[in-house]
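In our numbering, the protein residues as written are 0 to 88.
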(Lines of atoms letter the chains of each structure in order from A and count residues from 1; the text may use other names and numbers.)
(Lines give C-alpha, C1' and ligand atoms only; values in the text may rest on other atoms or scores of the structure.)
Protein backbone atom coordinates (compact mmCIF):
# COMPACT_ATOMS: atom_id res chain seq x y z
CA UNK A 1 0.00 0.00 0.00
CA UNK A 2 2.77 2.43 0.92
CA UNK A 3 4.48 1.88 -2.44
CA UNK A 4 1.27 2.72 -4.27
CA UNK A 5 0.69 5.87 -2.24
CA UNK A 6 4.29 7.08 -2.40
CA UNK A 7 4.01 7.77 -6.11
CA UNK A 8 1.42 10.45 -5.32
CA UNK A 9 3.13 12.04 -2.32
CA UNK A 10 4.68 15.47 -2.63
CA UNK A 11 6.50 15.20 0.69
CA UNK A 12 4.29 17.54 2.68
CA UNK A 13 3.41 16.65 6.27
CA UNK A 14 -0.25 16.52 5.22
CA UNK A 15 0.48 13.93 2.54
CA UNK A 16 2.47 11.83 4.98
CA UNK A 17 -0.36 12.04 7.49
CA UNK A 18 -2.92 10.92 4.88
CA UNK A 19 -0.64 8.07 3.84
CA UNK A 20 -0.37 6.91 7.45
CA UNK A 21 -4.16 7.02 7.87
CA UNK A 22 -4.76 5.06 4.67
CA UNK A 23 -2.16 2.50 5.69
CA UNK A 24 -3.87 2.02 9.06
CA UNK A 25 -7.25 1.67 7.33
CA UNK A 26 -5.86 -0.89 4.89
CA UNK A 27 -4.12 -2.99 7.54
CA UNK A 28 -6.34 -2.84 10.62
CA UNK A 29 -9.47 -4.82 11.36
CA UNK A 30 -12.66 -2.85 10.85
CA UNK A 31 -13.55 -3.49 14.49
CA UNK A 32 -10.32 -2.08 15.93
CA UNK A 33 -10.24 1.31 17.61
CA UNK A 34 -7.20 2.28 15.50
CA UNK A 35 -9.23 1.65 12.33
CA UNK A 36 -12.19 3.69 13.57
CA UNK A 37 -9.94 6.56 14.64
CA UNK A 38 -8.14 6.55 11.28
CA UNK A 39 -11.41 6.61 9.31
CA UNK A 40 -12.72 9.42 11.49
CA UNK A 41 -9.54 11.46 11.05
CA UNK A 42 -9.52 10.82 7.29
CA UNK A 43 -13.11 12.02 6.92
CA UNK A 44 -12.36 15.04 9.09
CA UNK A 45 -9.41 15.93 6.85
CA UNK A 46 -11.47 15.33 3.69
CA UNK A 47 -14.15 17.72 4.93
CA UNK A 48 -11.53 20.48 5.10
CA UNK A 49 -10.12 20.04 1.59
CA UNK A 50 -9.75 23.47 -0.01
CA UNK A 51 -12.00 23.82 -3.01
CA UNK A 52 -14.45 21.15 -1.88
CA UNK A 53 -17.62 22.23 -3.63
CA UNK A 54 -20.57 23.17 -1.51
CA UNK A 55 -24.14 23.69 -2.57
CA UNK A 56 -26.97 25.84 -1.30
CA UNK A 57 -29.46 23.10 -2.21
CA UNK A 58 -31.66 22.22 0.76
CA UNK A 59 -30.73 18.51 0.53
CA UNK A 60 -26.98 19.14 0.37
CA UNK A 61 -26.17 18.74 4.09
CA UNK A 62 -28.12 15.49 4.28
CA UNK A 63 -26.59 14.13 1.06
CA UNK A 64 -23.10 15.06 2.24
CA UNK A 65 -23.62 13.31 5.57
CA UNK A 66 -24.83 10.21 3.74
CA UNK A 67 -21.71 10.37 1.57
CA UNK A 68 -19.40 10.49 4.61
CA UNK A 69 -21.31 7.62 6.22
CA UNK A 70 -21.02 5.57 3.02
CA UNK A 71 -17.29 6.28 2.85
CA UNK A 72 -16.79 5.22 6.46
CA UNK A 73 -18.62 1.93 5.81
CA UNK A 74 -17.02 1.16 2.45
CA UNK A 75 -13.48 2.52 2.54
CA UNK A 76 -12.05 -0.89 3.36
CA UNK A 77 -13.78 -2.34 0.29
CA UNK A 78 -12.37 0.44 -1.90
CA UNK A 79 -8.87 -0.39 -0.69
CA UNK A 80 -9.35 -4.08 -1.45
CA UNK A 81 -10.84 -3.38 -4.88
CA UNK A 82 -7.84 -1.20 -5.73
CA UNK A 83 -5.44 -4.01 -4.80
CA UNK A 84 -7.42 -6.50 -6.89
CA UNK A 85 -7.45 -4.08 -9.82
CA UNK A 86 -3.68 -3.64 -9.55
CA UNK A 87 -3.15 -7.41 -9.59
CA UNK A 88 -5.25 -7.84 -12.74
CA UNK A 89 -3.65 -4.98 -14.67
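Here a beta-carbon is modelled for each residue, glycine too, at the ideal position from N, C-alpha and C.
Hey, residue i and residue j: beta-carbon distance below 8 Å or not?
| i | j | result |
| --- | --- | --- |
| residue 74 | residue 23 | no |
| residue 41 | residue 8 | no |
| residue 28 | residue 34 | yes |
Exposed or buried, residue i, counting other C-beta atoms within 10 Å across all chains shown (16 or more means buried)?
| i | result |
| --- | --- |
| residue 37 | buried |
Out of the options, which one is the CA nearest neighbour of residue i?
| i | options | result |
| --- | --- | --- |
| residue 70 | 50, 10, 26 and 46 | 46 |
Is residue i near the ligand ZN, going by C-beta to nearest heavy atom under 7 Å?
| i | result |
| --- | --- |
| residue 45 | The ligand ZN is absent from the structure shown, which contains no ligand whatsoever. |
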